[in-house]
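Below: one structure, written as structure tokens.
There are 2 protein chains.
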Amino acid sequence: MRVSTKGRYGLRAMVDLAEHEEGKAIPIREISERQNISEQYLEQLFATLRKAKLVKSVRGAHGGYMLNHEPEDISVADIITTLEGPIAPVDCVIEDDFCNYIDKCVIHGLWSELADAINGVIENMTLADLRDKAIEEKKREEKTVKEKIEVK
Amino acid sequence: MRVSTKGRYGLRAMVDLAEHEEGKAIPIREISERQNISEQYLEQLFATLRKAKLVKSVRGAHGGYMLNHEPEDISVADIITTLEGPIAPVDCVIEDDFCNYIDKCVIHGLWSELADAINGVIENMTLADLRDKAIEEKKREEKTVKEKIEVK
DNA sequence: TGAAAGTTGATAGTTAAAGTCAAGTTTATA
DNA sequence: TATAAACTTGACTTTAACTATCAACTTTCA
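Protein sequences appear in the order of chains X and D.
Read in my numbering, the first sequence has 109 at position 109, and its numbers run on one by one without any break.
Read in my numbering, the second sequence has 133 at position 133, and its numbers run on one by one without any break.
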């Protein structure tokens, strides 16, 4: 019942991209440095994200990655399901024919409820929400540092 | 973002136990046959459930396992967290000191929300709920079979 | 009363999948 | 042509899912 590093790192990388791209491509190396995630691993994640058309790539010097849609139009669910597959606690919530003996699967209702609860949360949060929160956090941080200096 | 077989099988086994125990211990062999789960694997799961005091064991001939509390008092969360560890999408929701650079972890709020959503579902469903549903399902099944025979 | 059978308890081993890292290849720009 | 970057592939590491074996305990029955 964990979100693996794929989802976690991928989400952080996407928030980073939303924060820093301003019409220009961001190379993986930059994200790697800021987020402290290995370049190789990020490359894999971005390959998947690119195939799902959540980001687009620019090859060659001065290349990198950019978002393929507005941050408002990319949900957390888009990113996580792309990287980790469909969010369902068990297969029989996705594949209808999996539960071939439904009488033995009274627990099915529970899993459906759980899937709905999870999806409700991650579908209603977008990259824009997270980016704005990140920017806000950073301002707060700066203010705190400033105050500390003034006290000294 | 999956519940592993530990949680899934364990939950099925516990529902089976709630359905069939009537003051007497149920051997693993029976549960294994009904639920089609290997005896060896079930033994492992029950060892964990026993240590968590969710079930108690009776050794020797005519022995087996019984619930250690009323089905109304055992939640799905009890069973799943016992078998799979705390339900949290990421560690930093459990361990406060994990998020040592909180400014890099704007996503923390999302994970907390997700954990709350999940726990809300599984804490509010008990073994009694699932057992009752299983019994109901079985009646419905019997009725359907009977109707089919009558039609013939 | 004692041996056989039924059952849990504990541990180690095997296989397959997922996660992670590393190195090399291709493409575009200057 | 050199460099910066995306892309691709392969290998290693960890974890999950079982499987197998044997020890310990308890009842049953001859």
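Even glycine gets a Cβ: it sits at the ideal position worked out from N, Cα and C.
Here the structure is a predicted model, which means the values were calculated and not measured.
Beta-carbon separation (whole angstroms), residue i vs residue j, contact threshold 8 Å
i         : j        : result
Ile79(D)  : Gly23(D) : Going by Cβ atoms, the distance from Ile79(D) to Gly23(D) rounds to 21 Å, so no, they are not a contact pair.
Thr126(X) : Glu72(X) : 6 Å
Val3(X)   : Met1(D)  : 6 Å
For residue i, three-class secondary structure by DSSP
i         : result
Lys56(D)  : strand
Lys146(X) : helix
Ile79(D)  : helix
Ile28(D)  : helix
Lys139(X) : helix
Val151(X) : helix
Element boundaries [beta strand (DSSP E), containing residue i]
i         : result
Gly120(D) : Where Gly120(D) is concerned, there is no enclosing beta strand (DSSP E), although the alpha helix (DSSP H) it sits in stretches over His108 to Glu123.
Gly64(D)  : Gly64 to Leu67
Cut-off 7 Å between Cβ atoms - residues of its own chain near residue i, not counting five sequence neighbours on either side
i        : result
Arg34(X) : Asp16
Arg12(D) : Gln35
Arg29(D) : Glu39
Glu43(D) : Ile28
Rounded separation between residue i and residue j - CA only
i         : j         : result
Gly7(X)   : Leu83(X)  : 6 Å
Met14(X)  : Glu113(X) : 29 Å
Gly63(X)  : Phe46(X)  : 14 Å
Ala25(D)  : Tyr41(X)  : 51 Å
Ser75(D)  : Ile149(D) : 39 Å
Glu123(D) : Lys56(D)  : 22 Å
Glu21(D)  : Thr81(D)  : 23 Å
Leu110(X) : Ala77(D)  : 11 Å
Val145(X) : Val106(D) : 18 Å
Ala128(D) : Glu70(D)  : 8 Å
Lys51(X)  : Val58(X)  : 14 Å
Lys139(D) : Val151(D) : 19 Å
Leu49(X)  : Glu137(X) : 26 Å
Val121(X) : Val121(D) : 13 Å
Gly60(X)  : Thr5(D)   : 45 Å
Gly85(X)  : Gly85(D)  : 22 Å
Cβ shell of residue i (< 8 Å), same chain only, five flanking positions each side left out
i        : result
Glu19(X) : Arg131, Ala134 and Ile135
Glu95(X) : Legend: pLDDT at Glu95(X) = 44, less than 50; position of this residue unreliable, value from coordinates given subsequently. Here the set comprises nothing.
Ile37(X) : Tyr9, Arg12, Ala13 and Ile31
Leu54(X) : Met14, Leu67, Asn68, His69, Ile74, Asp78, Ile79 and Thr82
Residues near residue i in its chain [Cβ-Cβ closer than 6 Å; skip 5 each side]
i         : result
Leu142(D) : Looking at the sequence provided, one finds Glu at residue 142(D) rather than Leu. Cβ within range, chain order: n/a, list empty.
Pro27(D)  : Gly64
N-terminal and C-terminal residue of the alpha helix (DSSP H) that residue i is part of
i        : result
Arg50(D) : Glu39 to Lys51
Asp16(X) : Thr5 to His20
Proximity test, residue i beta-carbon vs the ligand ZN heavy atom, cut-off 6 Å
i         : result
Val151(X) : The ligand ZN is not part of the structure shown, which contains no ligands of any sort.
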